[in-house]
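Order-wise, the sequence lines are chains A and B. Numbering of the first sequence is given in this note's numbering, commencing with residue 4 and proceeding in unit increments. Numbering of the second sequence is given in this note's numbering, commencing with residue 124 and proceeding in unit increments.
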Amino acid sequence: MKRRTWPALLFVAPAALYLAVFAIFPMLFAGWASLHRWHLLKPEHPFVGLGNFIALARDPFFRNAVGNTLLYVLLSVPLGVISSLLVAMLVSRALRGIGFFRTLYYVPAVSSQVAISMVWIWILLPGEQGLVNSCLGALNRALGRSLFPTDTNFFGEPGWAMLSLVAMSLWIGLGPRMIIFLAGLHAIPQTLYEAASLDGCNAWQRFWYVTLPQLAPTMLFVIVTTTIASFQLFTPVYMITRGGPRRTTDVVLYHIYKEAWQKFEIGMASAQSYVVFAMILIAAAVQIVMMRRGLRQEGD
Amino acid sequence: MRAGMRLTAMRTRAVLLMCCLFPLLPACRQESDPRTITLRVANWGSPAVESSFMTLEREIREEFERRHPGVRIQFEQIPGFGQYAPKLLMMHVSGSMPDVISLDASSGAVFMDNGVLRDLAPFIRDDTTFQLEQYFDRLVDIFRRDSRLYSIPFDFTPMMMYYNKRLFDEAGVPYPKPDWTWDDFLRIARALTNRDGPFEKHQYGFYFMNVMPFWLPWLWTNGGDVLGPDGRQATGHFDGPRSLEAMRFLTDLMLVHRVAPTIDEGKAAGVDLFRAGRAAMDLKGHWMMIDYRADNIDFGVAPLPTNTGKPTTVVYVTGLSIPAKARHPELAWEYIKYMTSKEVQIKRVSSGLAISGNRLAAAHYAGTEVEDAFIAATEYARPAWGASVERYPFIETLGEEMLEDYVYARGTLDLQTQLSRTAKLIDAVLMEQAEP
């Protein structure tokens, strides 16, 4: 037995070492730093206990960032899950050339988020320079009247900026979520659908009573991973809105970045990271518990 | 046979992999020849941009290598201006600092006040071939901390009022005089504003942008400021009567007199309105001249209109510094001396990017109306607060947010209340930093 373990350990060692150095150690170190007043360049790091966390609770800008993040999660998770499920069902059919479309939907996932951000800046430019606004303009002309406004500054107006980021997230996250749903859909035994049809179920009933319950474990996975990813929104904010207009897109991760790299307050930034960590932990735990309960009732 | 084929395939793959990694190898290897010294020089900027200016800079560096056999300069450009300071500070903490860095004075406090840089005073004292008097005193003073000096002025620009001569001539308005006041400015701006026709055709007297480095000098020309003289408090200064008056005037330009585009209008235009010939005046630095010349804009330059009888403006300076953790400080000093010398500066400043920090080189380009207006401003221009206040970038964000809120609300907010609120927020930022 002993002889079998050490080669196994050898195989996991590189990955374990990587995780230890680049994930576990930084996490523990950040936890320690969060209890100190820690400026990147100052020699002393006085211990402040939970002082950083207490200061955060009082900080209106941090509370604003938490609120923005929650809003983003609440919008992007349900919309993202629903839209990718619909697309997965659309491309799960064995049509000719369907592989092309599956690939097409997956492309954003393998593109650089920086490049995607640049493209979206152009798509959503104000006036008729942007793709969306110029399409609306063309539509107006085709209809012969000005039905749609074409001067919306999507990333520049407080009401629109967050919605634009959500729209972008749907598009970026579509591919990976779609693939997982596809796998889930293919795993559903065809006989269930046949039985349902024989019992006189229509398409909607087949979806509601066969597809959805069978997809529940897949759904749990997709919802939890999407939620985690949504809490970690950063790149588009950094590239496009920089937290503006008027702090409506200042999400927590961007806030942490500024704390660490403009104020150089590593301790405070670590404390903020732990707040995000706690939020993600709670959100994921709640989702898992709720879904498990749902599954168990289904089984009864 | 099959095993052999697999081996060949593997070998091919290994060779391919090596080819991919090969370009990385020189970067890993610090010094190939033990006699070669690599001098690492860092600057902001994107290495992807190839221009005649970059070629000129490379030639200047190659000349240094020719004069110092066995020295190779490794030029490290750090893209994204916002990334520059964080990246260098991380290099400082991790012990991989370059030997020479460009220092932007307006974000220089964090470097100068935390022991990141080496004091250059001993070099100057021991080096008879170097004369500090060659450099503009006011610029040198920005980099001083008591008896220590952290940077040698490289190049600089004060912010000045550019005006489009063609638009002035068409409207029959005389060019601004050096001693003009806010009233003169407003009168001229009104005469040059034309909001007839569609938005794309609107012409503005002044191109206002909500970038605090561009609007803070307005407070100064009215005797106000964002912080007190010691840079420790905003309350009583940013919300004081002089600043309030200045902010009222600035926002009125957009909301009441309508001689400047509002923040939304400016963004929606999608172009630089001054460069597009749709704004008659714009407050900018020397570097914009390159673009204006390329666009064939017939421009003039005037000092800022002032209400105090005293001219003032802000000056942005770049210096060359040696990090405290540089590996080759003596050679770095030679490089700085070379780069800031009259000879090199004359060559480099020919691009029009900025004015030389070396008086002798600056004098070489004096004599034109525009250049003289810029050089005259060095006598009274003030450094940006970021040269002495580490948290200043945050203060700028707060100031810009306040102005945006106010303009966005179309004047339904009370300006005094907004300024007082922001001043308190700024004080909190400064206090937080001062706490042990």
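Cβ atoms here follow ideal geometry from the backbone N, Cα and C, with glycine treated the same way. Quantities reported herein were computed from a predicted structural model and do not represent experimental measurements.
{"Asked": "Any chain A beta carbon closer than 8 Å to B:Glu388", "Found": "no"}
{"Asked": "Neighbourhood of A:Thr155 by C-beta, 7 Å cutoff - its chain only, sequence neighbours within 5 removed", "Found": "Pro129, Asn136 and Trp163"}
{"Asked": "Bounding residues of the beta strand (DSSP E) (the contiguous stretch that carries B:Met404)", "Found": "Ala402 to Lys407"}
{"Asked": "B:Met141 versus A:Ala91: straight-line alpha-carbon distance, rounded", "Found": "In this prediction, B:Met141 scores a pLDDT of 43, lower than 50, which makes its location untrustworthy; no coordinate-derived value is stated."}
{"Asked": "Proximity test, Cβ basis, 8 Å: B:Ala391 and chain A", "Found": "yes"}
{"Asked": "Coarse secondary structure for B:Gly328, derived from DSSP in three states", "Found": "strand"}
{"Asked": "Against chain A: residues of the stretch 331 to 346 of chain B by CB proximity under 8 Å", "Found": "none"}
{"Asked": "Cβ shell of A:Tyr257 (< 7 Å), same chain only, five flanking positions each side left out", "Found": "Phe237, Val240, Tyr241 and Gly246"}
{"Asked": "Short CB-CB distance (under 8 Å) between B:Pro221 and chain A", "Found": "no"}
{"Asked": "Minimum Cβ-Cβ distance from B:Leu211 to chain A less than 8 Å", "Found": "no"}
{"Asked": "Chain-ordered chain A contacts of B:Phe517 [CB-CB under 7 Å]", "Found": "Gln265 and Lys266"}
{"Asked": "Top-ranked residue by Cα proximity to B:Asp405, from B:Phe337, B:Glu453, B:Asn345 and B:Gly534", "Found": "B:Phe337"}
{"Asked": "Proximity winner among B:Lys390, B:Arg450 and B:Tyr415, relative to B:Tyr531 (alpha-carbon distances)", "Found": "B:Lys390"}
{"Asked": "Which of helix, strand or coil DSSP assigns to B:Met282", "Found": "coil"}
{"Asked": "Cα-Cα separation, B:Tyr207 to B:Ser169", "Found": "11 Å"}
{"Asked": "Selection from B:Asn237, B:Gln468, B:Phe322 and B:Met177 that minimises the alpha carbon distance to A:Pro46", "Found": "B:Asn237"}
{"Asked": "Endpoints, alpha helix (DSSP H) assigned at A:Tyr257", "Found": "Val255 to Trp264"}
{"Asked": "Simplified DSSP state of B:Tyr227, which is helix, strand or coil", "Found": "First, the amino acid is wrong: residue 227 of chain B is Asp here, not Tyr. It is a strand residue."}
{"Asked": "Same chain only: Cβ atoms within 7 Å of B:Leu484, ignoring 5 sequence neighbours per side", "Found": "The residue you asked about is not Leu; residue 484 of chain B is Ala in the sequence shown. Only Lys465, Gln468, Ile469 and Val472 meet the Cβ criterion."}
{"Asked": "A:Ser114 in three-state terms, based on DSSP", "Found": "coil"}
{"Asked": "Burial state of B:Phe246 (16 or more Cβ within 10 Å)", "Found": "buried"}
{"Asked": "Under 9 Å from the C-beta of B:Asp528: neighbouring residues of chain A", "Found": "Arg249"}
{"Asked": "Close-in-space but distant-in-sequence residues of the same chain around A:Ala199 (CB under 6 Å, 5 per side omitted)", "Found": "Arg209 and Val213"}
{"Asked": "First through last residue of the alpha helix (DSSP H) which encompasses A:Tyr241", "Found": "It is not in any alpha helix (DSSP H) - A:Tyr241 carries neither H nor E in the DSSP assignment."}
{"Asked": "Continuous alpha helix (DSSP H) stretch holding B:Phe291: start and end", "Found": "Lys288 to Ala294"}
{"Asked": "Span separating the alpha-carbon of A:Ala53 from that of A:Ile243", "Found": "The question names Ala, but residue 53 of chain A is Leu in the sequence shown. Between A:Leu53 and A:Ile243, the C-alpha separation is close to 34 Å."}
{"Asked": "Helix, strand or coil at A:Asn71 according to DSSP, with G and I counted as helix", "Found": "helix"}
{"Asked": "Whole-angstrom distance between B:His380 and B:Phe372, CA atom to CA atom", "Found": "9 Å"}
{"Asked": "Which listed residue (A:Arg299, A:Ile226, A:Leu146 and A:Ala263) has its alpha carbon closest to that of A:Ala288", "Found": "A:Ile226"}
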